[in-house]
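Asker: In our numbering, the protein residues as written are 161 to 461.
Even glycine gets a Cβ: it sits at the ideal position worked out from N, Cα and C.
Given the structure is predicted, the values throughout are model-derived calculations rather than measurements.
(1) Can you check DSSP and say which residues form a bridge with residue 210?
(2) To which residues of the same chain is residue 306 closer than 6 angstroms at the C-beta, ignoring the five residues directly before and after it?
(3) Just to confirm, is the Cβ distance from residue 412 to residue 449 under 9 angstroms?
(4) Which same chain residues end up closer than 6 angstroms to residue 181 when comparing Cβ atoms and leaving out the 5 residues on each side of it in sequence?
(5) Less than 9 angstroms between the beta carbons of residue 353 and residue 380, yes or no?
(6) Is the Cβ-Cβ distance between residue 345 and residue 374 less than 9 angstroms?
(7) Which of the three DSSP states, helix, strand or coil, is assigned to residue 299?
(8) On the criterion of 16 or more Cβ atoms from any shown chain inside 10 Å, does residue 276 qualify as buried, or is it exposed?
(9) On a CA-only basis, which of 272, 382, 220 is nearest residue 302? Give me that one, please.
(10) What are the partner residues of residue 377, as DSSP defines its beta bridges?
(11) I need the straight-line Cα distance from residue 208 to residue 231, nearest angstrom please.
(12) For residue 412, which three-state DSSP category applies?
(13) Start and end of the alpha helix (DSSP H) containing residue 218?
(14) Name the one or two DSSP bridge partners that residue 433 has.
(15) Starting from the C-beta of residue 213, find all residues in its chain whose C-beta is less than 7 angstroms away, skip the five residues before and the five after it, and write them out in chain order.
(16) Which term fits residue 363, buried or exposed, when burial requires 16 or more other beta carbons within 10 angstroms of its beta carbon?
Right under this line is the structure:
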């Protein structure tokens, strides 16, 4: 339901456009969404606020932002789904987050924010010292947005987990982020699945793994990494004893990478989990890798 209010805040329900006598010109529009407002009330005392409601609009985001400005109980905010939030909606959100230091985890998956929306996020995070986890899955972030993220990572010393699944970053965008992380000492979880990465991007990640001493979880699944990229990654990981979990399932490498995978496993015993499944490995290649495993690594082939 929508209502109209005059300048004296006397609200009238509009039923007949001909019955407008007594209403001042230029009335103020009051937006209401009873379902969303009820959801906000239900979660008011929760630590996690989840808004998984398809087609949230900018006006809906303003309702959420109004609550967020003063609610100090929410430390995990999830606004996910196929929503219709553009720059105005994103601005409402980040203005509210600036006023509220309680939120430390932010999940904005599926909002199609694009490069322009990401610019607002990175501007906010460049000076934010509370948000540790950021999930921007499926937000149509491309090379320009990746550059904004990389610039933020050079100055942000709080963010620990960065999830960018399902964004068409390309090798150029991946390279930009990887280069910035060579100077970042706080990110421990980096997730870049479905980012249209090829061998070129994987080689940039391998360079990162040679210099970064904090990344413990790395996800590169569902990309187009072939033998050249896989060999570069494995060579870097022979010397990297920080990474614990490595997910590179559903890529394109083959038995040509078996020898370097074996060498990696023989020289690096720090893995807790290694997922090599859904690639182009033969059964013989998989068995060779299994025999090379020397510790309790959860090896998935």
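Answerer: Taking the definition as stated:
(1) Within the chain shown, residue 210 is the residue found at index 50, counting from 1. 238, per the DSSP bridge assignment.
(2) Within the chain shown, residue 306 is the residue found at index 146, counting from 1. Short of 6 angstroms from the beta carbon of residue 306, and not among the five residues preceding or following it, lie these beta carbons of its own chain, in chain order: 329, 333, 336, 337.
(3) Within the chain shown, residue 412 is the residue found at index 252, counting from 1. Within the chain shown, residue 449 is the residue found at index 289, counting from 1. Going by C-beta atoms, residue 412 is not nearer than 9 angstroms to residue 449.
(4) Against the chain shown, residue 181 aligns to sequence position 21. Residue confidence is low: residue 181 scores 46 on pLDDT, short of 50, so the model does not pin down where it sits. Its coordinate-derived value is still stated next. Once the five neighbours on either side are set aside, residue 181 has no close Cβ partner at all.
(5) On the chain shown, residue 353 is found 193 positions in, with the first residue counted as 1. On the chain shown, residue 380 is found 220 positions in, with the first residue counted as 1. Cβ atoms of residue 353 and residue 380: closer than 9 angstroms.
(6) Translated into positions along the chain shown, residue 345 becomes position 185. Translated into positions along the chain shown, residue 374 becomes position 214. Yes, they are a contact pair.
(7) Counted from its first residue, the chain shown places residue 299 at position 139. Here residue 299 sits in coil by DSSP.
(8) The count along the chain shown starts at 1 and reaches residue 276 at position 116. Residue 276 should be labelled exposed.
(9) By one-based count along the chain shown, residue 302 stands at place 142. When each option's Cα is compared against that of residue 302, the closest is 272.
(10) Translated into the one-based positions of the chain shown, residue 377 becomes position 217. Beta-bridge pairing links residue 377 to 349, 405.
(11) Sequence index remark: in the chain shown, residue 208 carries index 48 (1-based). Sequence index remark: in the chain shown, residue 231 carries index 71 (1-based). Distance between the alpha carbons of residue 208 and residue 231 is about 11 angstroms.
(12) Position 252 of the chain shown, counted from the first residue, corresponds to residue 412. Three-state DSSP puts residue 412 in coil, outside helix and strand.
(13) Position 58 of the chain shown, counting from 1, holds the residue named residue 218. Residues 218 to 228.
(14) On the chain shown, position 273 is the one that residue 433 refers to. Answer is 405, 458, bridged to residue 433.
(15) As a position in the chain shown, residue 213 is number 53, starting the count at 1. Here the set comprises 196, 241.
(16) For this step, residue 363 is matched to residue 203 along the chain shown. Classification for residue 363: buried.
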